[in-house]
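All remarks here apply to the structure that follows.
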Amino acid sequence: MVRQVWLLVLGVRVVNLALFDLDNTLLNGDSDFEWSQFLIEQGVLDRELFEAKNLAFYEQYKAGTLNIGEFLDFQLKPLSRHARKLLDEWHEEFMRRKVRPMMGEKARDLVARHQLAGDVCVIVTATNSFVTAPIARAFGVAHLIATEPEENDGEFTGNVAGVPSFREGKVVRLENWLSGRGWNWGSFDETWFYSDSLNDLPLLSKVRHPVAVDPDATLRAHAEKHGWPVISLR
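Heads up: take any position in the sequence shown, counting from 1, add 379, and you land on my numbering.
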């Protein structure tokens, strides 16, 4: 706080960092899970083959036992089977039918408060950037760190590019992102991360203000033990 006051006296703008998980945090639901369900409902994916698997992966994620490699193979392979133009058309319908109803006012207000304060706002999500980039734009958040699907000439290959943005991978990806902008953790006086999931404990433990949002039981217990705020955006 003393450093902030002196910087303000010297006319130096203080910049803080606000990080947001997306699924079941800003969104009242899981965009990864709903994208697969949407493709099943569209008849793009076979219900008998994919629905049970989609549910199983979602339960594993919530339990903290998800094998990210197996999940990404399941999630990204369908992208490689269809032209990007068609995928983009489907995504517009997905946003209208599935995503926008999950975007609540409390979540929008939280993001807006940090933006009005001049904080650097970043959505950090395990869900792939094809699914999440339009959602980040809908929240008005310019910066997105997500799992990156590999592309070849603008079309998806079905593979993942680089480190998945999951668990410790979120920390790696974020620190690489900061470094690319000439920043590090010490560049910010205040740092926040808002998340619902035990899977985000590695990144929650890195920020000055970890906030549990409608948390799962494991994260709630951890937050209460360590005196972290617990809030609801529902």
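Beta carbons: idealized from backbone N, C-alpha and C, even for Gly.
Quiz item: CB N578 to CB F545, shorter than 8 Å?
Solution: Between N578 and F545, the C-beta spacing is below 8 Å.
Self-check item: Distance between D575 and L406 (C-alpha atoms, nearest Å)
Solution: Approximately 10 Å, taken between the alpha carbons.
Quiz item: If we call anything under 8 Å between Cβ atoms a contact, is W607 one with A591?
Solution: Yes, Cβ-Cβ distance for W607 and A591 is below 8 Å.
Exercise. Compute the Euclidean distance between the alpha carbons of F417 and K477, then round it to the nearest angstrom.
Key: Each residue's Cα considered, the two are about 8 Å apart.
Self-check item: Assumed close pair W553, L582 - CB separation to whole angstroms, cut-off 8 Å
Solution: Residue identity check: residue 553 is Leu in the sequence provided, not Trp. With a contact defined as Cβ atoms closer than 8 Å, L553 and L582 qualify at about 7 Å.
Quiz item: What's the C-alpha gap between D498 and N395?
Solution: In a straight line, the C-alpha of D498 is about 5 Å away from that of N395.
Exercise. Would you mind reading off the limits of the beta strand (DSSP E) that contains V550?
Key: It is not in any beta strand (DSSP E) - V550 instead sits in the alpha helix (DSSP H) that spans 547-558.
Quiz item: Helix, strand or coil: which one does DSSP assign to P594?
Solution: The answer is coil: DSSP assigns P594 none of H, G, I, E or B.
Quiz prompt | Buried/exposed call for K549, threshold 16 Cβ in 10 Å | solution = Classification of K549: buried, given that the 10 Å Cβ count is 16 or more.
Practice problem: State the DSSP-derived secondary structure class of P543, mapped to helix, strand or coil. | Solution: Note: P543 maps to coil in three-state DSSP.
Quiz item: Are A645 and L612 touching if we call contact CB-CB under 8 Å?
Solution: Nothing can be reported for residue 645: it is not among the residues displayed for the chain, which extend from 380 to 613.
Quiz item: DSSP state of E420, grouped into three classes?
Solution: In the three-state reduction of the DSSP assignment, E420 falls in the helix class, which pools H, G and I.
Practice problem: Mind reading off the beta-carbon distance from A462 to E534? Whole number of angstroms is fine, and I expect it under 8 Å. | Solution: That pair is a contact at about 7 Å.
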